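I have placed the structure first, in the form of structure tokens, so that the comments after it can refer back to it.
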Amino acid sequence: MDAIETIVGRVSPGQLVDPAPTEAQLEQILRAASRAPDHGRLRPWRFVVIEGEARLRLGELMAQSLRRRDPVAPAGRLDAERKKALRAPLIVIVAAVVQPSPNVPEIEQIVAAGAAAQNLLLAAHALGFGGFWRTGAVAYDAEVKRALGFAPADAIVGIMYLGTIGMPGKPVAAEPAPVTRRW
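Counting the sequence shown from 1 gives a position; my numbering is that position plus 20.
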């Protein structure tokens with residue numbers, strides 16, 4: 021697939037199903053993600069791969085996070101939160117582990133992890149898979165971060181859902197790129 025076609029043609033699918041990328045395909049996807057722009061070559065991104073039964077544990081972690089934010093959340097809402105982890109056969113958590121650097125500010129490291137997340141989606145698309153990017157309050161929860169192996173100061177920049185497209189997403193209208201001003 022041509023690079024421009026990959027970028028322009030990628031949309032978030034309406035539904036993801038099995039099969040997920042194979043181990044070899046996942047390795048390709050993560051290698052592509054790791055080629056994100058990276059000022060200072062700090063490689064601030066980290067990936068946590070969640071699949072199979074581990075998705076149930078993630079779902080429970082998401083429900084516990086909701087319970088901390090809303091102690092009176094009804095059972096149906098907690099169950100819906102648990103089911104989010106079953107949206108796809110494979111989930112990759114992308115986080116920025118910011119490192120002290122006199123030359124590379126924190127924002128650049130977080131943006132680099134975001135670029136890695138985008139590369140991940142594009143690589144999955146190029147291999148014929150679908151993917152979508154979510155965050156939400158769970159991404160900012162210190163207990164969730166700890167359970168996933170991150171420090172409270174680390175930034176979860178994306179919960180990336182990957183799999184085979186079960187229902188295509190809505191195509192994005194072709195619009196001209198917004199130019200605010202030319203100098």
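Just so it is clear, CB atoms sit at the ideal spot from N, CA and C, and this is done for glycine as well.
Predicted, not measured: the structure shown is a model, and the values here were computed from it.
Can you round the beta-carbon distance between Asp38 and Gly183 to whole angstroms, since I take them to be within the 8 angstroms contact cut? Right, their Cβ atoms sit about 7 angstroms apart.
Using a Cβ-Cβ cutoff of less than 6 angstroms, which residues in the same chain neighbour Gln35 once the five nearest sequence positions on both sides are dropped? Excluding residues up to 5 positions away in sequence, Gly186 and Met187 lie with their Cβ nearer than 6 angstroms to the Cβ of Gln35 in the same chain.
Determine the burial state of Asn208: buried for a count of at least 16 other Cβ atoms within 10 Å of its Cβ, exposed for fewer. Lying before the first or after the last residue shown, residue 208 is absent from the chain, which here runs from 21 to 203.
Contact under 8 angstroms by Cβ, Leu142 with Ile27: Yes, the pair counts as a contact, with Cβ atoms nearer than the cut-off.
For Leu147, which three-state DSSP category applies? Under the three-state reduction of DSSP, Leu147 is assigned to coil, being neither helix nor strand.
Tell me the DSSP secondary structure of Glu71 in three-state form. Strand at Glu71.
Cutting at 8 angstroms between CB atoms, please list the residues of its own chain near Gln119, excluding the five before and the five after it. Contacts found: Leu62, Pro64 and Gln129.
Check each candidate in Val192, Arg30 and Phe170 and name the one with the smallest Cα separation from Ala116. For the residues Val192, Arg30 and Phe170, the minimum Cα distance to Ala116 belongs to Phe170.
By Cβ distance, which residues of its chain are closer than 8 angstroms to Leu110, with the 5 residues on each side in sequence left out? For Leu110, where only same-chain residues beyond five positions count, the Cβ hits under 8 angstroms are Ala40, Pro41, Leu46, Val69, Ile70, Glu71, Tyr181, Leu182 and Gly183.
Could you tell me the distance, in whole angstroms, from the CA atom of Gly75 to the CA atom of Arg202? In the sequence as presented, Gly is not what sits at residue 75; that position holds Arg. A direct Cα-to-Cα measurement between Arg75 and Arg202 gives close to 47 angstroms.
Short Cβ contact (8 angstroms threshold) for Ala105 with Leu78: Against a cut-off of 8 angstroms, the Cβ pair of Leu78 and Ala105 comes out as a contact.
How long is the line joining the alpha carbons of Leu50 and Arg87, rounded to whole angstroms? One alpha carbon belongs to Leu50, the other to Arg87, and they sit about 32 angstroms apart.
For Thr184, which beta-bridge partners are listed by DSSP? Looking at the DSSP assignment, Thr184 forms a beta bridge with Val37.
Residues that Leu110 bridges to, as DSSP identifies them: Per DSSP, Glu71 and Leu182.
Just the C-alpha distance for Ala221 and Ala157, rounded to the nearest angstrom, thanks. There is simply no residue 221 to check, as the chain begins at 21 and stops at 203 in what is shown.
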